[in-house]
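Start counting the sequence shown at 17; every next residue gets the next number (this note's numbering). Here a beta-carbon is modelled for each residue, glycine too, at the ideal position from N, C-alpha and C. I have placed the structure first, in the form of structure tokens, so that the comments after it can refer back to it.
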Amino acid sequence: MPGYVIANWKMYKTKKEALEFAEGLKDGLSQGGVVVGVSPAFPYLETLSNAFRGVDRVCVFAQNVAFAEAGAFTGEVSASMIEDAGAKGVIIGHSERRHVFKEDPSWMVKKIQLALDRELVVVYCVGETLEERDLGVGPEVVSRQLAEGLGGLEDESKASIRSKETLVIAYEPVWAIGTGRNMEPIEAKEAASLIKKNVSELLEGYVPPVLYGGSVNPRNIQGFAGHFEIDGVLVGGASLDLGRFLPLIKAFERA
Ligand code: PEP
């Protein structure tokens, strides 16, 4: 199972900046087995997919997907549209979607189901808030989010996840995202082990790659890459700049 280092650009980068980054990334990549993901804003999905055509190890991900395939949903983008734009996968359940845009937990399974129906790779994000952490209920929150997203999937989709390895979990403690305050790698490693166990129970033996996300940067990356339970990282701030993003990829190639 490959490792993943995925850039989440959020609502940053113009088309010109995105294309410059793509060229720099292609030039800066060495040989290695880590899958590199880039998640631009929706308008640039196709541009970036074209820019990375023929570069096997770089994939383009959307940052979100609608909970319906079509309909009167102003501002939404469906899984088919994301597939048409040439993206390989989609991030679902990012904490900014859950907490800023108030996405309902009941939407998660619908989104995941639709993405899998289009054969997109799903990066499903889970993680507790600071309040939940302080209450000591982090593991329960994460288990609940996993059950909400995966428990109700169709049997056929569960089988397809197992055979095609199309599900990745991103563990992102909400309090660590964009704050400059990362979780201790040993704690993230423990959470990753628990997530693997949990998902394997929900999906009859499928053990997913688990990524850590939350204020990762070139200074703290070795701590995460040093634990084999952590299969990669989902990166916001440090993914906007090639000088900071490339060392994160290299760290997981060495690990
Ligand atoms: C993210 O947005 O998924 C993230 C992890 O952001 P940052 O790396 O900036 O904490």
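Check: Contact test: GLU188 Cβ vs the ligand ATP heavy atom, cutoff 7 Å; Outcome: In the structure shown, the ligand ATP is absent; the only ligands present are the ligand PEP.
Check: Beta-carbon proximity list for LYS205, same chain, < 7 Å, skipping 5 on both sides; Outcome: HIS243, GLU245, ILE246
Check: Residue range of the unbroken beta strand (DSSP E) whose run includes SER231; Outcome: It is not in any beta strand (DSSP E) - SER231 carries neither H nor E in the DSSP assignment.
Check: When VAL52, ARG178, ILE98, SER159 are compared against ALA208, the one with the closest alpha-carbon; Outcome: SER159
Check: Host alpha helix (DSSP H) of GLN55 (start-end); Outcome: First, the amino acid is wrong: residue 55 is Ser here, not Gln. Per DSSP, SER55 belongs to no alpha helix (DSSP H); it is in the beta strand (DSSP E), 51 to 55.
Check: Simplified DSSP state of GLY40, which is helix, strand or coil; Outcome: helix
Check: In chain order, each alpha helix (DSSP H) run of at least 4 residues that lies wholly inside the stretch 93 to 153; Outcome: 95 to 100, 123 to 133, 146 to 150
Check: Of the listed residues PRO263, GLU269, LEU258, nearest to TRP25 (C-alpha basis); Outcome: LEU258
Check: Selection from GLY248, HIS115, ALA241 that minimises the alpha carbon distance to LEU227; Outcome: GLY248
Check: Straight-line gap, VAL93 to VAL81 (C-alpha atoms, nearest Å); Outcome: 6 Å
Check: Simplified DSSP state of LEU264, which is helix, strand or coil; Outcome: helix
Check: Burial state of GLN280, where buried means 16 or more other Cβ atoms lie within 10 Å; Outcome: The structure shown does not extend to residue 280, since the chain is modelled only from 17 to 271, so the question has no answer here.
Check: GLY248 (DSSP reduced to helix, strand or coil); Outcome: strand
Check: LYS110 beta carbon near the ligand PEP (any heavy atom closer than 7 Å); Outcome: Residue 110 is actually His in this sequence, not Lys. The answer is yes for HIS110.
Check: Beta-carbon proximity check, LYS31 vs PHE83, cutoff 8 Å; Outcome: no
Check: Rounded C-alpha distance that separates GLY49 from ARG235; Outcome: 22 Å
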